[in-house]
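Notes for the one structure printed next.
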Amino acid sequence: MNTIKKTSWRSGLLGLVWLALCGSAVAQEQVLRLYSARHYQTDEALYSNFTKATGIRITRVDADDAGILARLKAEGAASPADVILLVDAARLGKGEADGLFRPIKSAVIEAAIPATLRAKAGPEGTAWFGLSTRARVVVYDKLKVKKDDVDTYEELAEPKNKGLLCTRSGSHPYNLSLFGSMMEHLGEARTESWLKGLVSNMARDPKGGDTDQIKAVASGECGIALSNTYYIARLMRSNSAEDKAVIERVGVVFPNQLSWGTHLNIAGAAVARHAKNVPAAVKFLEYLASPEAQNYFANGNNEWPAVPSVKVSNPALQAMSGGHFKAETVPVASVAAHQARVQQLLDRVGYK
Ligand code: FE
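Residue numbers for the sequence shown follow our numbering, beginning at 173 and rising by one.
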């Protein structure tokens, strides 16, 4: 699964020849080592533009989020990683709690990325930054379920929705974060009874990913599901007849428009605790927060840019949200901080 982009020794050699020809004390070629849980074609353009602009070459290790965190832990101080790209605040919060990141101070990033989309700043700086946002929304069967019955997260736990709900595992970071956000809005006691209500409304035991839940709604097995917006956007943009039929059958609701807003999460980046090239790592994060990079970064996975002034033109997101929706404003860092407590509640109510 892990593929390592090998250093091109040939370009290194050309560089050395060039240095010798120059005969001056030019600095060595700079390399930035990236551990990434994102693998989209548009990201390639991002990296090559950065190299073009700065001369800093990027090498990349691709793995999934859990694999990256495990690898950083195992490698310790010997880790070659400079920058870490992860999805979901729960995972970034976990990496921070485990001491895997090096907090940084950057006026450029702080001006670009809203405070609610990054880690809480400590004396040493900020441990991670959101770079794109995704919403966790409700998908429902238009034939069986009325939109009015599922337009708040609270209602999903009410008896009227018995036997209809399908979700992936409660312990998955996407759900840990949503439930952590409920802790912020409802407090712990009400979140626990809400989770109990979700469990008693299940159409089946939690299994699969978000796309599986959407397909299970379309097949009639489930009436209601939770999904991150980019999974829905992918199906909307798909050319397969099967995916088109799925999208035809399901409705999408951005919950809690009349109260605190729809739960928002992030994909983001951090500098590795034992980064070997900290200045280049900071420069790369600043680049990712720049308007041109923001567009690529968000669109690559059908997400919204984290920088509010950057407008994205994504027809699927536009159609899904009607162009605008109210998002919650609780800091994603506070949401992430609840995950251990949320897991205890899940165990108590029997949410698998
Ligand atoms: Fe995902």
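Every residue gets a Cβ at the ideal spot worked out from N, C-alpha and C, and that includes glycine.
Original post:
For His496, does the count of other Cβ atoms within 10 angstroms reach 16, so buried, or fall short, so exposed?
Top reply: Position 324 of the sequence shown, counted from the first residue, corresponds to residue 496. With fewer than 16 Cβ atoms within 10 Å of its Cβ, His496 is classed as exposed.
Subject >> Nearest-angstrom Cα separation, counted from Lys314 out to Arg243 >> reply: Numbered from its first residue, the sequence shown carries residue 243 at position 71. Numbered from its first residue, the sequence shown carries residue 314 at position 142. Approximately 44 Å between the Cα atoms of the pair.
Subject >> Closest by C-alpha distance to Asp236, when choosing among Arg340, Asp260, Arg362 >> reply: For the purposes of this step, residue 236 is identified with residue 64 of the sequence shown, where counting begins at 1. Checked all of Arg340, Asp260, Arg362; the closest Cα to Asp236 is Asp260.
**OP:** Check whether the stretch 275 to 289 touches the stretch 458 to 466, taking contact to mean three or more Cβ pairs, one atom from each stretch, closer than 8 Å.
**Re:** yes
Original post:
What number of angstroms, rounded off, separates the C-alpha of Ala217 from the C-alpha of Gln202?
Top reply: Against the sequence shown, residue 217 aligns to sequence position 45. Against the sequence shown, residue 202 aligns to sequence position 30. Ala217 and Gln202: Cα-Cα distance of roughly 19 Å.
Subject >> Coil, strand or helix - Val425 by DSSP >> reply: Residue 425 sits at position 253 when you count from the first residue of the sequence shown. In this structure, Val425 counts as strand in the three-state DSSP scheme.
Original post:
If you draw a straight line from the alpha carbon of Ala397 to that of Lys277, how long is it in whole angstroms?
Top reply: Stepping through the sequence shown from its first residue, residue 397 is reached at position 225. Stepping through the sequence shown from its first residue, residue 277 is reached at position 105. Taking the straight line joining both Cα atoms gives about 40 Å.
Original post:
Is Leu348 buried or exposed, if buried means 16 or more other CB atoms sit within 10 Å of its CB?
Top reply: For the purposes of this step, residue 348 is taken as the residue at position 176 of the sequence shown. Looking at its Cβ environment, which holds 16 or more other Cβ atoms inside 10 Å, Leu348 is buried.
Original post:
Does the beta-carbon of Pro477 have 16 or more other beta-carbons within 10 angstroms, so that it is buried, or is it exposed?
Top reply: Position 305 of the sequence shown holds residue 477. Answer is buried; the Cβ neighbour count reaches 16.
Original post:
When the Cα atoms are used, what is the spatial distance from Lys224 to Lys316?
Top reply: Sequence index remark: in the sequence shown, residue 224 carries index 52 (1-based). Sequence index remark: in the sequence shown, residue 316 carries index 144 (1-based). So the alpha carbons of these two residues sit roughly 53 Å apart.
**OP:** Indicate, with yes or no, if the ligand FE has a heavy atom lying under 7 Å from the CB of Val259.
**Re:** Position 87 of the sequence shown, counted from the first residue, corresponds to residue 259. Yes, since a heavy atom of the ligand FE falls inside the 7 Å radius drawn around the Cβ of Val259.
Subject >> Inter-residue spacing [alpha-carbon to alpha-carbon] between Lys292 and Gly271 >> reply: Your numbering for residue 292 matches position 120 in the sequence shown. Your numbering for residue 271 matches position 99 in the sequence shown. Going by the C-alpha atoms only, they are around 14 Å apart.
Original post:
Just to check, is the beta-carbon of Asn400 closer than 7 Å to a non-hydrogen atom of the ligand FE?
Top reply: By 1-based counting over the sequence shown, the position of residue 400 is 228. Yes.
Original post:
Who are the near neighbours of Asp415 in its chain, counting only those whose CB is closer than 6 Å to its CB and skipping five residues on each side?
Top reply: Here residue 415 refers to the residue found at position 243 when the sequence shown is read from its first residue. Cβ neighbours of Asp415 beyond the five flanking positions: Leu407.
Subject >> Proximal residues to Ser251 (C-beta, below 7 Å), its chain only, five neighbours per side dropped >> reply: By 1-based counting over the sequence shown, the position of residue 251 is 79. Answer for Ser251: Leu244, Ala444, His446, listed in chain order.
Original post:
Since Asp382 sits in a beta bridge, which residues does DSSP pair it with?
Top reply: Numbered from 1 along the sequence shown, position 210 holds the residue referred to as residue 382. Looking at the DSSP assignment, Asp382 forms no beta bridge with any residue, so it has no partner.
Subject >> For Asn437 and Ala197, the rounded distance between their alpha carbons >> reply: Residue mapping note: residue 197 aligns to position 25 of the sequence shown, counting from 1. Residue mapping note: residue 437 aligns to position 265 of the sequence shown, counting from 1. Summary for Ala197: the model assigns pLDDT 41, below 50, so the residue's position carries little reliability, and this model does not support an answer.
**OP:** Could you say which of Lys318, Tyr468, Arg274 lies nearest to Phe301 if we only look at CA atoms?
**Re:** On the sequence shown, position 129 is the one that residue 301 refers to. Taking only the C-alpha atoms, the option nearest Phe301 is Arg274.
Subject >> Coarse secondary structure for Ser476, derived from DSSP in three states >> reply: Mapped onto the sequence shown, residue 476 falls at position 304. First, the residue type needs correcting, since residue 476 is Trp and not Ser in the sequence shown. The answer is strand: DSSP assigns Trp476 an E or B state.
Original post:
Can you pull the DSSP bridge partners for Ile230?
Top reply: Counting from 1 along the sequence shown, the entry for residue 230 is found at position 58. Leu204, per the DSSP bridge assignment.
Subject >> Ala291, DSSP secondary structure in three states >> reply: The residue labelled residue 291 in the question sits at position 119 within the sequence shown. It is coil, neither helix nor strand.
Original post:
Across which residues does DSSP place Arg406 in a beta bridge pair?
Top reply: Position 234 of the sequence shown, counted from the start, is the residue given in the question as residue 406. Arg406 pairs with nothing; no bridge assigned.
Original post:
What residue from Thr324, Val454, Tyr523, Glu500 has the CA that sits closest to Thr288's CA?
Top reply: Numbered from 1 along the sequence shown, position 116 holds the residue referred to as residue 288. If we check each option's Cα against that of Thr288, Glu500 comes out closest.
Subject >> Tyr459 - containing beta strand (DSSP E), residue span >> reply: Position 287 of the sequence shown holds residue 459. Looking at the DSSP string, Tyr459 is not in any beta strand (DSSP E); the run it does join, the alpha helix (DSSP H), is 450 to 460.
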